[in-house]
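Step one of this worksheet: look at the structure below.
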Amino acid sequence: MRIVGGVAATLGLAGAVSGNLHPRSQETRDFFALHLDGATSPSHIARALGARHEGQIGELDGHHTFSLPREQTAEFDTLLDDLRTKRKLRRRSGNDVGSDGTSDDPLDGVLWSHKLAPARQRLQKRIPPVSVPYPSLEKKSADAKIVEFQSHAMSTLGIKDPIFREQWHLVNTLQPGHDLNVTGVWLDGITGAGIATAVVDDGLDMDSRDLKPNYFAEGSFDFNEGTPEPRPRLYDDKHGTRCCGEIAASKNDVCGVGVAYDSKISGIRILSKPIDDVDEAAAINYAYQKNDIYSCSWGPPDDGATMDAPGILIKRAMTNGVQKGRDGKGSIFVFAAGNGAQFGDNCNFDGYTNSIYSITVGAIDREGNHPTYSESCSAQLVVAYSSGSGDAIHTTDVGSNKCYNGHGGTSAAGPLAAGSVALALSARPELTWRDLQYLMVETAIPVSEDDNSWQELPSGRKFSHDWGFGKVDTYNLVQRARTWDLVKPQAWFNSPWLRVHLEIPQGDKGLLSRYTVTAEQAKAANMAQLEHVTVTMNVNHTRRGDISVDLRSPAGIVSHLSVSRESDNHPGGYEDWTFMSVAHWYVPRLSACDLSANSYLGVNPLWVNGQSL
Ligand code: CA
Ligand code: CA
-11 MRIVGGVAAT LGLAGAVSGN LHPRSQETRD FFALHLDGAT SPSHIARALG ARHEGQIGEL
49 DGHHTFSLPR EQTAEFDTLL DDLRTKRKLR RRSGNDVGSD GTSDDPLDGV LWSHKLAPAR
109 QRLQKRIPPV SVPYPSLEKK SADAKIVEFQ SHAMSTLGIK DPIFREQWHL VNTLQPGHDL
169 NVTGVWLDGI TGAGIATAVV DDGLDMDSRD LKPNYFAEGS FDFNEGTPEP RPRLYDDKHG
229 TRCCGEIAAS KNDVCGVGVA YDSKISGIRI LSKPIDDVDE AAAINYAYQK NDIYSCSWGP
289 PDDGATMDAP GILIKRAMTN GVQKGRDGKG SIFVFAAGNG AQFGDNCNFD GYTNSIYSIT
349 VGAIDREGNH PTYSESCSAQ LVVAYSSGSG DAIHTTDVGS NKCYNGHGGT SAAGPLAAGS
409 VALALSARPE LTWRDLQYLM VETAIPVSED DNSWQELPSG RKFSHDWGFG KVDTYNLVQR
469 ARTWDLVKPQ AWFNSPWLRV HLEIPQGDKG LLSRYTVTAE QAKAANMAQL EHVTVTMNVN
529 HTRRGDISVD LRSPAGIVSH LSVSRESDNH PGGYEDWTFM SVAHWYVPRL SACDLSANSY
589 LGVNPLWVNG QSL
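Numbering (the numbering used here), first residue to last: -11 to 601.
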């Protein structure tokens, strides 16, 4: 066991175009993604390579797909290797020519190249892992005051939807206080008008009378079929429609209402067939000047053994989304935290949920319990209501007048947070993607505070790996959003790579590596406040599931960046994996000690080389 790489810490601080939508037949041709500099035209490159230009990749400027008949691709692979070598040599010699006319070779304008893997079905819906038997809730009697309030709200707002009284996540009459606290927002006149959420999933039934009034065709696309309308087609294409209902089911005579029942809802269909990175990258930027929020209730398998991140094109698309989406204010990406807690899974092993660009949402059930499926991690920002304790989320289903009472898993929690974001944006459209994360941190309500999972932070807030900063409180969120001072541009501090070159001792002692950021360094990097901390690691090891990593701040705040996973038998360590933590989020004031951090690398004492000790 030896660490061969090192640790780089990054502290991030406060301070429809359809794109390439042709179907790609990978049976006869190979496909390549190239990033070209501004002076290099794709047609020029196509000619130089004898390749066919397939189109731009989604909304990624300068990124294009090219293809060649399979029999020609061996030469092309060699050519790309040569290009990479040339670029490396140029970088080393400091002579980066290509776009300024100092080179005649058009291939010098290729900044990056990548052969595309065929489409795969690597993403899974985050439906509950086991179906929960239905409930014996009748035993409880409803709270008379809340029932009265519910009736008052319904008559004031004109809500006559048949299952509204079942929608406990909106008004919980049995467990008072265990709901989103949203009715006051509606009574203030904020119901989501002017905001559009795209549910990236397995389709949206635009013929459902509950969704039809809010269906936003311009924001919708079916990447599985290559057609504009994201209609559910497979027998189990119901998940996306149910998520859509949670966000934007209409106030009418069908089923219930969405959290933001006057907002627009788009469907972006990607989960019903294998999809490649080009389409996935295009999907998460689809109509990103018109869709404000992207609600994603899926990810790599939650089996406690998978460690999977979006490919580089998808990562670039997420960055592109926060930089350019919504007229530069940034697309809001909301991700379900994952359902693999029973299998020892953790949302820091999922590159979507641990991205700094996503709001990661775990689950809490109607009794306020932590559902057994809901994953924990240091990247989890908040929780929202979902299935557990004998009930689930009641929402719209596929069909013209069909409702569903068993929607659950973190799949159902994410869209409730997305709906709350839609209300906040409706009240305050100028909020940036980072403002929304701040607002979640500021207004979430800690729950189960005596369960030993909470750490008191120097900022006065509390953080829990199980609950993030707490449960989403929509009323708090929207109230705070109205008067929120917008954050300054994001600033970054990048540490150098730390090369450790030491063996990880067995047992619970672990290996300690220390890195200090001084106040001067923080100031030079323009840092005023602390948001995300990311740690990119390379660790050589014989069994990945044995490794655990803690990041400990001088104030004693511990982020469990990685935990040991019993099912993870991968015979290796970590390769360039970036872990993320929001546990060190620090707003009020800056001092050197709050910004320095130690990382603690240990092997779980119970499992070494697959053997229990
Ligand atoms: Ca309705
Ligand atoms: Ca997971």
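All C-beta atoms, glycine included, are put in the ideal place defined by N, C-alpha and C.
Reduced DSSP secondary structure (H/G/I, E/B, other) of Met568: Met568 falls in the strand class under three-state DSSP.
Please state the DSSP three-state secondary structure of Val98. Three-state result, Val98: strand.
My parser needs the alpha helix (DSSP H) runs of 4 or more residues fully inside the segment 118 to 173; what are they? Runs found: 132 to 145.
Length at least 4, wholly inside the segment 13 to 74: the alpha helix (DSSP H) runs in chain order: The qualifying runs are 30 to 37.
Mapping the DSSP letters down to three states, classify Met306 as helix, strand or coil. Helix, per DSSP.
Comparing C-alpha positions only, which one of Ser29, Asp198 and Leu145 sits nearest to Leu99? Taking only the C-alpha atoms, the option nearest Leu99 is Ser29.
Apply the 10 Å Cβ neighbour rule to Asp267 and answer buried if 16 or more other Cβ atoms are within range, or exposed otherwise. Classification of Asp267: buried, given that the 10 Å Cβ count is 16 or more.
Gly397 to Arg35 span [Cα, whole Å]: The straight-line gap from Cα to Cα measures roughly 50 angstroms.
Quick one: give me the first and last residue of the beta strand (DSSP E) that Ile352 is part of. Counting along the chain, Ile352 sits inside the beta strand (DSSP E) bounded by residues Ser346 to Ile352.
Look up Phe321 in the DSSP assignment and say whether it is helix, strand or coil. In the structure shown, Phe321 sits in a strand (DSSP, three-state: E or B).
How about Ala412 and Val349: are their beta carbons less than 7 angstroms apart? Against a cut-off of 7 angstroms, the Cβ pair of Val349 and Ala412 comes out as no contact.
Every unbroken alpha helix (DSSP H) inside the segment 435 to 484 [4 residues or more]: Complete alpha helix (DSSP H) runs here, min 4: 462 to 471.
So if DSSP puts His395 in a beta bridge, which residue, or which two residues, is it bridged to? DSSP lists Ile381 as partners of His395.
Who are Cys284's beta bridge partners in DSSP? According to DSSP, Cys284 bridges with Val188 and Phe323.
Less than 7 angstroms separating the beta-carbons of Gln368 and Ala325? Cβ distance < 7 angstroms, so Gln368 and Ala325 count as in contact.
What number of angstroms, rounded off, separates the C-alpha of Thr53 from the C-alpha of Gly26? For Thr53 and Gly26, the gap between their C-alpha atoms comes out near 16 angstroms.
Short of 6 angstroms in beta carbon distance, which residues of its chain neighbour Val242, apart from the five on each side in sequence? Order them along the chain. Around Val242: Arg197, Asp198 and Asn389.
Give a yes or no on whether the C-beta atoms belonging to Phe337 and Asp291 are separated by under 7 angstroms. No. Outside cutoff.
Return the CA-CA distance between Trp174 and Met295, expressed in angstroms with no decimal places. For the pair Trp174 and Met295, the Cα-to-Cα distance works out to about 41 angstroms.
For Val371, count neighbouring C-beta atoms within 10 Å of its own C-beta (all shown protein chains included) and say buried if the count is 16 or more, exposed if not. Its Cβ being crowded by 16 or more others within 10 Å, Val371 is buried.
Just grab the DSSP bridge partners of Phe209 for me. Answer by DSSP bridge pairing, in chain order: Ile256.
Restricting to Cα atoms, I'd like to know which of Ala512, Asn528, Leu549 and Thr504 is closest to Ala543. Measuring from the Cα of Ala543, the nearest candidate turns out to be Thr504.
Coil, strand or helix - Glu519 by DSSP: In this structure, DSSP gives Glu519 an extended state, which the three-state scheme calls strand.
Enclosing alpha helix (DSSP H) for Ala510 [first to last residue]: According to the DSSP assignment, Ala510 belongs to the alpha helix (DSSP H) that extends over Ala507 to Ala512.
For Asp338: DSSP bridge partner residues: Answer is Asp296, bridged to Asp338.
Ser254 and Asp225 closer than 7 angstroms at C-beta: Between Ser254 and Asp225, the CB-CB gap reaches or exceeds 7 angstroms.
DSSP three-state assignment for Met194, whether helix, strand or coil: Met194 falls in the coil class under three-state DSSP.
Beta-carbon gap between Ser55 and Glu63 smaller than 7 angstroms: No. Outside cutoff.
According to DSSP, is Val488 helix, strand or coil? In the structure shown, Val488 sits in coil (DSSP, three-state: anything other than H, G, I, E or B).
Less than 6 angstroms between the CB of Asp290 and some heavy atom of ligand 2, yes or no? The answer is yes for Asp290.
For His548: DSSP bridge partner residues: Its beta-bridge partners are Asp538.
From Met515, Ser452, Ala305 and Ala297, residue whose alpha carbon lies closest to that of Tyr274: Minimum Cα distance to Tyr274 is reached at Ala305.
Buried versus exposed call for Arg114 [16 or more other C-beta atoms within 10 Å across all chains shown]: The residue is buried, with at least 16 neighbouring Cβ atoms inside 10 Å.
Buried versus exposed, by CB contacts within 10 Å (16 or more), Ser143: Burial call: exposed.
In the structure shown, what three-state DSSP assignment does Leu424 receive? Helix, per DSSP.
Figure out for me which residue from Leu539, Tyr345, Tyr340 and Ser374 has the closest Cα to the Cα of Glu355. Scanning Leu539, Tyr345, Tyr340 and Ser374 for the CA closest to the CA of Glu355 turns up Ser374.
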